[in-house]
Amino acid sequence: MDERRRQRHDREREHRREQLSDHEPIGGQPNVHDPAHPGIGDPEDPRLTMPAGRVFLVVLVALLTAAIFNADAMVRAGEGMKLGTTRDITLSVARPLADVTGFLQLNEPRKAFDLAFGQESKTASGTELETGSAAILQKKAKQEAKPVWRQPTAGQPLDVLVTGDSEADLVGLKMADLDTGDLLDVETVARNGTALTNPGFFNWELNAEQEMSSRDPDAVVMLIGANDGFNVEVDGELFAPGTPEWETEFARRAAVVMKTLGGDGERPVYWVPPPTARDQTYNEIYRSQNRAVERAAESVEGARYVDIFSTIGNGQYSDQVEVDGRKVLGRQSDGIHFNREGAEVPAGLVLAAMAEDYPVLEDAAPEPPKEDGRTKLGE
Amino acid sequence: MTFPTIEFAAFFTVVLFLSWLLMPHPRAWRPFILVSSWVFYGWLDWRWVLLLIGSTVVNTVFANAVARADTPAKRKQWVTIAVAANLTLLGIFKYLGFFVGSVDDALSSIGIGGLPVLQIVLPIGISFFTFQSISYVVDVYRGEQRPVALMDFAILQAFFPHIVAGPIVRVAEFVPQLRTPRDPRKVLAGPGIFLIAGGLFKKTVVADELARRIVDPVFSDPSAHSGFETLLAIYAFAAQIYCDFSGYTDMAIGLALLLGFRLPQNFDRPYLATSLRLFWHGWHMTLSRWLRDYLYIPLGGNRRGKRRTYINLMLTMLLGGLWHGAAWTFLIWGGIHGSALAGERWLAERYPRFHLPRWAAWAITFNIVCLAWVFFRSPDLGTAFGVLGQIGAGGPSPLVTPVLVALTVGAVAVQAVPRDFWQRAEQWFVLRPALMQGLALGALIVIADAAVGQQGVAPFIYFQF
């Protein structure tokens, strides 16, 4: 019996081999042993091989070359890393190197490549974002009447720029989905990993100037804050997130960027600070940011604070959100970002806020969350 | 950790140096490369390393149990348990959340919903190391592979160049290379450095640029774009996914070569194919041969008649589609490939003398592949049909620029460059002084970094699978 099975097994193997050689309907043969295979080469061919020591030398020279000519970019990359040892080591190497290469003008080739690829510099020193006065936070005088913006139609939709950090990505996508009447022309530009408190990596005031001058949208939606865990410096003193000084400085920076995005009241800016987070430490920082942005919006013409912190889940974090009456997994595994399905909720809240200025959008904005369905506006 | 980052550059420099230093001493080199690979893999989440170790140990036990079983029935029993265990692991991480959500939806419709919503994080690379585990145990069952030492299998599973997104490597391809120290006098540096440089260029200069400037804007809001923009976005996505995925695996193969190891090639000029069958000979080759050997052939392959062959082709491609995710879009992607594979097979059998001109066969194949990519790229069916419906739309096309057209056409056309050309270029490169080689590679890194700019390198598409 076993012998018959063995023979059958052998026949099947033989048949399989034939089959592979004859047809291979969905795939090629393994090629690791094929010295002639393109891209792999023959290890016995001396024209393709080098000694290991020399390989190491080539790699070392390559990385040193890249570090020297990319020192400024290394500093920016370091600034953009999460707080921790890797960031500290990167910056402790890159900063002095950037000083030296800058002095020797070795950063010029990289600047030329940036120019060739159309990359604009996103860092600058001495901007209002870093050094301005808190006087910007003085409440603006109440206007007699709300500003009147051009109302969109299907023929002439509203150009909306959705920007900010990575949270902007899916919310922008969902806003376009919810806009079934084609009243909005949504363009989403997410600047991943950016923050108001980290201008050494990405200066949002500078970026706002560049974006507004090149795109000139009718309205701006700004979602930012998830990466804002950095200390801020005020009058030479450092303040940690959660302190009153940090909150005031954050509000000031938000106001500076709101003003630039809004063009001093030329267009409305819907500013959306982060929602609740699973991690309580982040949650406290985000709560503080929400207070700060609410305060900033009260001081800038055309700025609106959109609250997705206390309106979604009554300010209590949950992986679930309610979409179309169904409880769905609405958050990503990091406990901060919304996922594709869940992003519909903040997108709806943004549209509800926009409908205050553009009543024709009321149909696009879904019912706000039932728990505590309010959309706070700055005005 | 991912390849084009500062962290990886530092990591690889140290590992490259120590690996060759320890290479003559296998008892020191093996734990070194294993721990280094675990550090690489656990950089984002150390718990994934525990999962990898668990999978490695369990599959070693299964492979030995299969080999030691004294009757065919017991061998079959063990291999069945092993495959089921691996698929269960993959299923929990990839499909359980979707399954529970679907059941909850169904129950809610009759008023008894309320199942908990599951937040399951998919460990990067789990599909790839699970497929390797299955092929190992099944090869032992088939008598094509003997069980190998736990340490050897652990190194194969964790080897950092390929753990995240392949290529999918078989024990027979890799473990024999561990048995003898690699020769430090003969490192395949020419192909290795060209693959790394080419992969970096494809990812940063082509794939990310196309994604940012045309593919993402069009697929995120199809109705806002003209027919020309939509058409370019479709072809550009074909170029993007090729440059993104093959860029990653090229870098993986190149890095392995610099460490002295050869991994199987994963792409071989797929967009020059004049049939779907040939496309799959050049696209994600290690997955397609895996599907062939561990799915298509066990289903019966072409042994059970023509009709069953067509069904097997369709089933294999549908399951290949579902492997990418539990979504209709992936199912349709697999369905298009399955139907086209079955269709061209039927045509070849029914009209054996009929041959299309080469250019026509290429154009049809390429456009079928691109049609399938529309579903693959779209987040949902509505978007996919929105994109397809927009092809005939008029309006201005500001996103259609000469640079984007050139990048798209170039990504396809470069596959027609004769292989000899690249080999001669590699030989020329190897003969240059080390300083010049290093400067050239360094210059390419500067250009690649300038191309991606401050937004950084976008995540590789296949990391999510």
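The listed protein sequences correspond, in order, to chains A and B. Heads up, the first sequence is in numbering that gives the first Met the number 0, so the first residue is 0 and it goes up one at a time. Heads up, the second sequence is in numbering that gives the first Met the number 0, so the first residue is 0 and it goes up one at a time. Positions of the beta carbon are idealized from the N, C-alpha and C atoms, including for glycine.
Cβ pair residue i, residue j closer than 8 Å
i, j, result
"A/Leu328", "B/Gln118", "yes"
"A/Val322", "B/Leu438", "no"
"B/Leu8", "B/Pro160", "The sequence given here places Ala at residue 8 of chain B; Leu does not occur at that position. Contact flag unset, no."
"B/Pro216", "B/Leu398", "yes"
"A/Leu90", "A/Arg252", "no"
"A/Met49", "B/Ala188", "yes"
"A/Asp263", "B/Ser222", "no"
"B/Gly452", "A/Gln209", "no"
"B/Ser18", "B/Phe128", "no"
"A/Gly163", "A/Leu222", "yes"
"B/Ser201", "B/Cys242", "According to the sequence shown, residue 201 of chain B is Lys rather than Ser. Closer than 8 Å, so yes."
"A/Pro156", "A/Asp184", "yes"
"B/Val465", "B/Thr59", "This structure does not reach residue 465 of chain B, given that chain B is present from 0 up to 464, and the question cannot be answered."
"B/Ala164", "B/Tyr461", "yes"
"B/Ala449", "A/Arg109", "yes"
"A/Gly192", "A/Gly334", "no"
"B/Gln183", "B/Pro25", "According to the sequence provided, residue 183 of chain B is Pro. The question's Gln does not apply to it. No, they are not a contact pair."
"B/Val170", "B/Tyr135", "yes"
"B/Phe266", "B/Gly281", "yes"
"A/Leu237", "A/Ala123", "no"
Candidates the options, of which the one nearest residue i by Cα
i, options, result
"B/Gly342", "B/Gln414, B/Ala326, B/Phe329 and B/Ile367", "B/Ile367"
"B/Thr229", "B/Gly113, B/Gly391, B/Arg74 and B/Val102", "B/Gly391"
"A/Pro272", "A/Asn106, A/Ser132, A/Ala302 and A/Arg149", "A/Ala302"
"A/Trp380", "A/Ala66, A/Val305 and A/Ala167", "Outside the displayed range of chain A (0 to 378) lies residue 380 of chain A, so it cannot be described from this structure."
"A/Met353", "A/Val170, A/Val268 and A/Gly101", "A/Val268"
"B/Gly226", "B/Phe266, B/Ala359 and B/Gly385", "B/Gly385"
"A/Glu283", "A/Gln137, A/Glu300, A/Ser309 and A/Ala65", "A/Ser309"
"A/Gly347", "A/Asp44, A/Leu177, A/Arg53 and A/Ala111", "A/Leu177"
"A/Ala175", "A/Glu297, A/Val349, A/Arg214 and A/Val57", "A/Val349"
"A/Thr196", "A/Asp44, A/Gly312 and A/Pro240", "A/Pro240"
Proximity test, Cβ basis, 8 Å: residue i and chain B
i, result
"A/Lys258", "no"
"A/Glu17", "Bear in mind that a pLDDT of 44 at A/Glu17, under 50, signals an unreliable position, so the number given afterwards is only what the model happens to contain. Not one chain B Cβ lies under 8 Å of A/Glu17."
"A/Arg53", "yes"
"A/Val359", "no"
"A/Asp158", "no"
"A/Ala326", "According to the sequence provided, residue 326 of chain A is Lys. The question's Ala does not apply to it. Yes, A/Lys326 lies at the interface with chain B (some Cβ there is under 8 Å from its Cβ)."
"A/Asn69", "yes"
"A/Pro37", "With a pLDDT of 43 at A/Pro37, under the threshold of 50, the modelled position of that residue is not reliable, and the figure given next carries that caveat. At least one chain B Cβ lies under 8 Å of A/Pro37."
"A/Lys121", "yes"
"A/Val161", "no"
"A/Phe337", "no"
"A/Gln288", "no"
"A/Ser20", "Annotation note: pLDDT 42 at A/Ser20 (below 50); position unreliable, no value reported."
"A/Gln118", "yes"
"A/Asn202", "no"
Min CB distance residue i to chain A below 8 Å
i, result
"B/Glu425", "yes"
"B/Ile335", "no"
"B/Gln118", "yes"
"B/Arg307", "no"
"B/Leu187", "yes"
"B/Gln453", "yes"
"B/Ile444", "yes"
"B/Pro190", "yes"
"B/Ala83", "no"
Beta-carbon separation (whole angstroms), residue i vs residue j, contact threshold 8 Å
i, j, result
"B/Gln196", "B/Leu440", "Per the sequence presented here, residue 196 of chain B reads as Ala, with Gln not at that position. Indeed they touch by this definition, with Cβ atoms about 6 Å apart."
"B/Ser377", "B/Phe218", "6 Å"
"B/Leu298", "B/Ile167", "Not really, about 19 Å apart at Cβ, beyond 8 Å."
"B/Gly253", "B/Ile213", "Contact flag wrong, Cβ pair sits at about 28 Å."
"B/Gly198", "B/Met150", "With a Cβ gap of about 29 Å, B/Gly198 and B/Met150 do not count as contacting."
"B/Val174", "B/Val147", "5 Å"
"A/Val161", "A/Val220", "4 Å"
The stretch 146-155 of chain B contacting the stretch 233-249 of chain B, beta-carbon criterion three pairs below 8 Å:
no
So, does the stretch 212-228 of chain A touch the stretch 84-102 of chain A, judging by three or more C-beta pairs under 8 Å?
no
Touching or not, the stretch 311-324 of chain B and the stretch 280-296 of chain B, by the rule of three or more beta carbon pairs under 8 Å?
yes
Are there three or more Cβ pairs, one per stretch, closer than 8 Å when the stretch 271-281 of chain A is compared with the stretch 309-317 of chain A?
yes
Per the contact definition of three or more C-beta pairs closer than 8 Å, is the stretch 106-114 of chain B in contact with the stretch 39-54 of chain B?
no
Is the stretch 330-349 of chain A close to the stretch 166-173 of chain A, with three or more CB pairs under 8 Å?
yes
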